[in-house]
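Each residue of the sequence shown is one higher than the one before, starting from 0 at the first, in numbering that gives the first Met the number 0.
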Amino acid sequence: MKRKNIFAQLILIILLSITAIHADTIDTGQAKVSLVAEVNSIQAGQPFWISMRMSLAPHWHVYWINPGDAGAAPSIKWELPEGFKAGDIQWPYPERVPLDEFVNFGYEDDVDFLIEITPPQTLPAGKEMTLKASVHYLICKDICIPESGDLSLTLPVSAGKAEANPAELTNFANARAKLPIKSADWQIAASISDTTLYVSASPPTWFSDEISQIEFYPEEEYLIHNSAPQPLTKVGNGYQVAIPLSPDREGDPTEIRGMLVSDIGWRGAGSERALQIETAVGKGTLPVGNAAGADGVNSFGLALVFAFIGGMILNLMPCVLPVLSLKILGFVQQAGEDKSKVFQHGLSFTGGVLVSFWILAGALLLLRAGGEQLGWGFQLQSPVFVTILSIFLFLFGLSLFGVFEIGTSLMNVGQGNAMQQTGNFGSFMSGVTATVVATPCTAPFMGGALGYAISQPPLNSMLIFTFLGLGMAAPYVVLASVPGLLKFVPKPGPWMDSLKQFMGFLLMATVIWLIWVFGSQAGTNAVSALLLVLMFSGMGAWILGRWGNIMKVKKTRLIAQLIAALTIIIPLYFFLSNLDFLAVTPDQGSSAIVQEEGAIQWQDFSPQLVSQLREEGKPVFIDFTAKWCLSCQVNKKVAFSSSEVQAAFADKGINAVIADWTNYDATIAKALAEFGRNSVPLYVLYSPDPAKQPIVLPELLTPGIVLDALKQL
Numbered sequence: 000m001k002r003k004n005i006f007a008q009l010i011l012i013i014l015l016s017i018t019a020i021h022a023d024t025i026d027t028g029q030a031k032v033s034l035v036a037e038v039n040s041i042q043a044g045q046p047f048w049i050s051m052r053m054s055l056a057p058h059w060h061v062y063w064i065n066p067g068d069a070g071a072a073p074s075i076k077w078e079l080p081e082g083f084k085a086g087d088i089q090w091p092y093p094e095r096v097p098l099d100e101f102v103n104f105g106y107e108d109d110v111d112f113l114i115e116i117t118p119p120q121t122l123p124a125g126k127e128m129t130l131k132a133s134v135h136y137l138i139c140k141d142i143c144i145p146e147s148g149d150l151s152l153t154l155p156v157s158a159g160k161a162e163a164n165p166a167e168l169t170n171f172a173n174a175r176a177k178l179p180i181k182s183a184d185w186q187i188a189a190s191i192s193d194t195t196l197y198v199s200a201s202p203p204t205w206f207s208d209e210i211s212q213i214e215f216y217p218e219e220e221y222l223i224h225n226s227a228p229q230p231l232t233k234v235g236n237g238y239q240v241a242i243p244l245s246p247d248r249e250g251d252p253t254e255i256r257g258m259l260v261s262d263i264g265w266r267g268a269g270s271e272r273a274l275q276i277e278t279a280v281g282k283g284t285l286p287v288g289n290a291a292g293a294d295g296v297n298s299f300g301l302a303l304v305f306a307f308i309g310g311m312i313l314n315l316m317p318c319v320l321p322v323l324s325l326k327i328l329g330f331v332q333q334a335g336e337d338k339s340k341v342f343q344h345g346l347s348f349t350g351g352v353l354v355s356f357w358i359l360a361g362a363l364l365l366l367r368a369g370g371e372q373l374g375w376g377f378q379l380q381s382p383v384f385v386t387i388l389s390i391f392l393f394l395f396g397l398s399l400f401g402v403f404e405i406g407t408s409l410m411n412v413g414q415g416n417a418m419q420q421t422g423n424f425g426s427f428m429s430g431v432t433a434t435v436v437a438t439p440c441t442a443p444f445m446g447g448a449l450g451y452a453i454s455q456p457p458l459n460s461m462l463i464f465t466f467l468g469l470g471m472a473a474p475y476v477v478l479a480s481v482p483g484l485l486k487f488v489p490k491p492g493p494w495m496d497s498l499k500q501f502m503g504f505l506l507m508a509t510v511i512w513l514i515w516v517f518g519s520q521a522g523t524n525a526v527s528a529l530l531l532v533l534m535f536s537g538m539g540a541w542i543l544g545r546w547g548n549i550m551k552v553k554k555t556r557l558i559a560q561l562i563a564a565l566t567i568i569i570p571l572y573f574f575l576s577n578l579d580f581l582a583v584t585p586d587q588g589s590s591a592i593v594q595e596e597g598a599i600q601w602q603d604f605s606p607q608l609v610s611q612l613r614e615e616g617k618p619v620f621i622d623f624t625a626k627w628c629l630s631c632q633v634n635k636k637v638a639f640s641s642s643e644v645q646a647a648f649a650d651k652g653i654n655a656v657i658a659d660w661t662n663y664d665a666t667i668a669k670a671l672a673e674f675g676r677n678s679v680p681l682y683v684l685y686s687p688d689p690a691k692q693p694i695v696l697p698e699l700l701t702p703g704i705v706l707d708a709l710k711q712l
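What follows is the structure, encoded as structure tokens:
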């Protein structure tokens with residue numbers, strides 16, 4: 000690409016030297032180019048501004064100072080009266096112009112290139128001065144055309160003050176608004192880690208708006224991967240942009256120059272969108288704001304340790320126990336097997352956990368790279384996913400009750416290898432199911448590690464998620480690796496059928512919880528329809544167990560399997576197709592006060608409400624929660640239903656605010672990111688003193704933990 004670009008520019012220079020148009024206005028059909036002044040007259044020694052104005056035909060574009068993957072920037076060669084001086088072109092911020100797999104930086108429609116002209120200290124009043132310029136530019140659409148021409152602009156010299164041009168005041172004001180500002184009290188830093196450039200921007204204390212998109216345009220060509228997304232992360236009170244570097248770059252830069260373009264403006268909404276930056280580049284990870292998570296995670300090594308410990312603790316969380324109890328049942332079944340087979344089951348379970356973590360983490364990182372503000376457990380914010388998971392666990396529970404058997408066709412007498420494959424696959428699927436159900440929970444140590452992970456390069460992030468999965472699987476790997484531990488497991492026997500059926504009730508309890516989550520997302524009408532789908536799913540399972548078992552002839556089994564599949568799939572298809580019609584999302588934020596059990600009254604979260612309460616010097620407690628987060632629901636019953644906690648909230652005048660993330664909410668996602676988190680639960684207590692840092696409570700609460708935090712006020 001680099002050689003092609005250089006070759007194209009050489010050809011361009013040759014063509015420009017032989018294609019000149021001599022006119023006061025250049026009009027080629029693709030573009031109209033002229034010189035326009037901000038004044039009607041000039042004065043000796045007083046600088047004034049002119050514009051090289053380009054009006055482009057639809058879908059044609061010209062280029063910024065760095066054209067991107069290909070192109071050439073416009074240039075001006077001046078022929079001025081004696082003593083006059085012309086400044087450099089003031090480049091407005093560009094936009095990304097995609098062309099196939101490439102991306103150029105440039106302008107479409109109308110663009111003003113401002114230039115400051117400085118007259119000499121002495122000029123004869125009443126005389127006219129003519130400014131001449133030879134302009135060259137490349138204009139492109141499906142093809143690129145080099146164009147050039149000579150322009151001139153004549154202005155009279157005034158004896159008094161120079162006269163403004165009223166017709167151009169608005170145009171020049173709009174053009175200046177597109178120029179980058181040099182400083183807005185923002186603190187800019189940059190670093191390189193692997194093949195990614197990280198640019199951080201820490202706002203001044205007076206900046207109160209929220210930025211959701213920042214794009215970096217470097218002045219140096221071939222520095223960045225121009226077509227790659229530039230994901231933005233809000234960390235603490237600052238922002239960090241991850242910019243993939245170009246494989247064609249000539250080494251890593253020691254400093255960068257260019258523009259940061261935000262979606263709202265660097266001095267607040269409606270202000271200048273471009274910020275000129277020039278800063279040195281360091282190496283390694285770059286801290287932004289209070290980049291350390293609430294658990295104090297501020298290094299990659301510490302994030303790996305916290306992820307592993309958090310994964311181990313995840314096995315004790317309430318949302319995981321129903322599924323992991325099946326793994327315990329599996330160890331009972333394997334107690335009498337060969338040691339190598341037991342180890343294979345442990346590895347299969349670990350593989351299921353890791354593959355699931357990689358898929359979920361990869362999807363999360365890709366969606367965040369595309370601009371989505373998502374967090375851990377994001378899939379349970381989808382009613383469609385909750386529906387499918389409910390049916391899966393419902394059918395799994397029915398299989399434990401003995402309504403139908405999974406894999407009976409493989410379990411022929413004497414085919415031990417088939418049995419082993421089925422068992423290994425079952426262990427793998429246990430790992431998958433455990434991971435999917437575990438994602439709503441955030442165990443101690445996990446929150447900070449996950450918040451740190453999403454601010455890192457993709458490879459580092461995936462490694463942190465891998466350690467989280469390894470921590471979750473570690474107890475089972477140890478049990479499978481040390482056969483001596485299995486002697487503490489009861490020997491297999493007829494009692495296992497009763498235990499297996501009991502485990503089915505635990506799965507049904509999980510299904511009830513998922514239906515409750517679904518109801519909070521889609522309303523009672525959709526819940527009724529989901530229950531009907533579950534009934535048909537149960538009917539399909541019954542048909543499969545009654546006529547699809549190994550005791551029936553092959554033809555009967557095949558017909559039963561087909562009818563069972565249709566009985567499950569057809570109602571599910573019609574349900575999902577009409578889910579938008581059935582769903583009536585419960586009103587969120589319709590009332591300023593939400594009455595919860597007991598004496599605590601919760602107000603709906605909004606950044607404006609929190610800011611207002613803090614400005615008024617009132618203490619604020621924020622509960623970041625979700626219906627699908629079982630840890631959150633347990634904390635609510637254990638801590639917030641405590642009469643002592645409720646009395647302390649009332650005595651200290653705590654303003655309780657609830658941020659319900661059951662359904663996706665970008666505002667809540669951004670608020671979580673301010674504390675280095677992308678998961679719930681999160682509990683934050685603000686002191687009445689706005690100058691004090693907030694107190695972040697642990698993920699697992701007790702009345703004593705909450706009361707101790709309130710005492711610090």
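Every residue gets a Cβ at the ideal spot worked out from N, C-alpha and C, and that includes glycine.
| said: Check whether chain D comes within 8 Å of residue 624, counting only Cβ atoms and requiring the distance to be less than that. | reply: No chain D appears in the structure shown, which is made up of a single protein chain.
| For residue 658 and residue 601, the rounded distance between their alpha carbons | For residue 601 and residue 658, the distance between alpha carbons rounds to 9 Å.
| Check whether residue 249 and residue 280 have beta carbons under 8 Å apart | No.
| request: Just the C-alpha distance for residue 214 and residue 260, rounded to the nearest angstrom, thanks. | output: Just so you know, the alpha carbons of residue 214 and residue 260 end up roughly 5 Å apart.
| Of the choices 184, 172, 133 and 80, whose alpha-carbon is the least far from that of residue 153? | 80 is the residue among 184, 172, 133 and 80 whose C-alpha sits nearest the C-alpha of residue 153.
| message | The beta strand (DSSP E) that contains residue 103, what's its start and end? | response | For residue 103, the enclosing beta strand (DSSP E) begins and ends at 101-107.
| message | Using 8 Å as the threshold, is the C-beta distance between residue 355 and residue 435 below it? | response | Yes. Within cutoff.
| query | To which residues of the same chain is residue 702 closer than 6 Å at the C-beta, ignoring the five residues directly before and after it? | reply | Here the set comprises 638, 641, 643 and 644.
| said: Looking only at its chain, what residues have a beta carbon closer than 6 Å to the beta carbon of residue 20, apart from the 5 residues adjacent to it on each side? | reply: Reliability of the predicted coordinates at residue 20 is poor, the pLDDT of 33 falling under 50, and no value is obtained from them.
| field | Three-way DSSP call (helix, strand, coil) for residue 276 in this model | value | Secondary structure at residue 276: strand, using DSSP grouped into helix, strand and coil.
| message | Helix, strand or coil for residue 293? Go by DSSP, reduced to three states. | response | Unreliable placement is indicated for residue 293, whose pLDDT of 41 sits below 50; no coordinate value is reported for it.
| field | Reduced DSSP category for residue 182 - H, G, I as helix; E, B as strand; rest coil | value | Coil.
| field | Same chain, Cβ closer than 7 Å to residue 184, neighbours up to 5 away in sequence not counted | value | 203.
| request: Report the partner residues of residue 95 according to the DSSP bridge assignment. | output: For residue 95, which the question treats as bridged, DSSP gives the partners 104.
| So, is residue 128 buried or exposed, given that buried needs 16 or more other C-beta atoms within 10 angstroms? | Label assigned to residue 128: buried.
| Who does residue 404 pair with in a DSSP beta bridge? | Beta-bridge pairing links residue 404 to no other residue.
| request: Would you identify the three-state DSSP class for residue 550, choosing helix, strand or coil? | output: In the displayed model, residue 550 falls within coil according to three-state DSSP, outside both helix and strand.
| task | Count the C-beta pairs between the region 560-578 and the region 614-628 that are closer than 8 Å, then say yes if the count reaches three, no if not. | result | No contact exists between the region 560-578 and the region 614-628.
| task | Could you spell out where the alpha helix (DSSP H) holding residue 706 opens and where it closes? | result | Segment 702-710, the alpha helix (DSSP H) holding residue 706.
| said: If you reduce the DSSP assignment to three classes, tell me which class residue 117 lands in. | reply: Residue 117: strand per DSSP, three-state reduction.
| query | Would you call the region 655-669 and the region 623-632 touching, i.e. three or more CB-CB distances under 8 Å? | reply | The answer is yes - the region 623-632 touches the region 655-669, with three or more Cβ pairs under 8 Å.
| request: Report yes if the CB atom of residue 429 is closer than 8 Å to the CB atom of residue 360, and no otherwise. | output: Taking 8 Å as the Cβ cut-off, residue 429 and residue 360 do not qualify as a contacting pair.
| request: Would you check if the distance between the CB atom of residue 514 and the CB atom of residue 381 is smaller than 8 Å? | output: Inclusion of residue 514 and residue 381 in the CB contact set at 8 Å is not warranted, their separation being larger than that value.
| What number of angstroms, rounded off, separates the C-alpha of residue 283 from the C-alpha of residue 190? | Residue placement at residue 283 cannot be trusted, given a pLDDT of 49 that sits under 50; what the coordinates show is reported in the next sentence. When rounded, the separation of the alpha-carbon atoms in residue 283 and residue 190 is 6 Å.
| query | Among all the DSSP beta bridges, which residues are the ones paired with residue 136? | reply | Here residue 136 is bridged, per DSSP, to 146.
| query | How many whole angstroms separate the CB atoms of residue 144 and residue 29, which I take to be in contact at a CB cut-off of 8 Å? | reply | Between residue 29 and residue 144 the Cβ distance is about 6 Å, and since that is below 8 Å, they are a contact.
| task | Kindly indicate which residue of 404, 474 and 344 has the alpha-carbon position closest to the one of residue 423. | result | Out of 404, 474 and 344, 344 has the C-alpha closest to the C-alpha of residue 423.
| query | Roughly how many angstroms separate the alpha carbons of residue 646 and residue 700, rounded to a whole number? | reply | Those two C-alpha atoms are separated by around 17 Å.
| task | Pick out whichever of 303, 47 and 426 has its Cα sitting closest to the Cα of residue 350. | result | The shortest Cα separation from residue 350 among 303, 47 and 426 belongs to 426.
| query | Which value, in whole angstroms, describes the spacing of the CA atoms of residue 534 and residue 629? | reply | Roughly 25 Å separates the two Cα atoms.
| message | Could you tell me the alpha carbon to alpha carbon distance between residue 471 and residue 346, rounded to whole angstroms? | response | Those two C-alpha atoms are separated by around 13 Å.
| request: Mind checking who residue 76 pairs with in its DSSP beta bridge? | output: Partner(s): 133.
| message | Any contact between the region 119-126 and the region 58-75? By contact I mean 3 or more CB pairs, one from each, below 8 Å. | response | No, the region 119-126 is not in contact with the region 58-75.
| task | Assess, as a yes-or-no matter, whether the region 101-117 is touched by the region 46-60 under the definition of 3 or more beta carbon pairs within less than 8 Å. | result | Yes: the two stretches touch, three or more of their Cβ pairs being nearer than 8 Å.
| query | Which of the three DSSP states, helix, strand or coil, is assigned to residue 544? | reply | DSSP places residue 544 within a helical segment (H, G or I) once states are collapsed to three.
| request: Determine the closest residue to residue 271 out of 387, 179, 310 and 132, with distance taken between C-alpha atoms. | output: Nearest option by C-alpha distance: 179.
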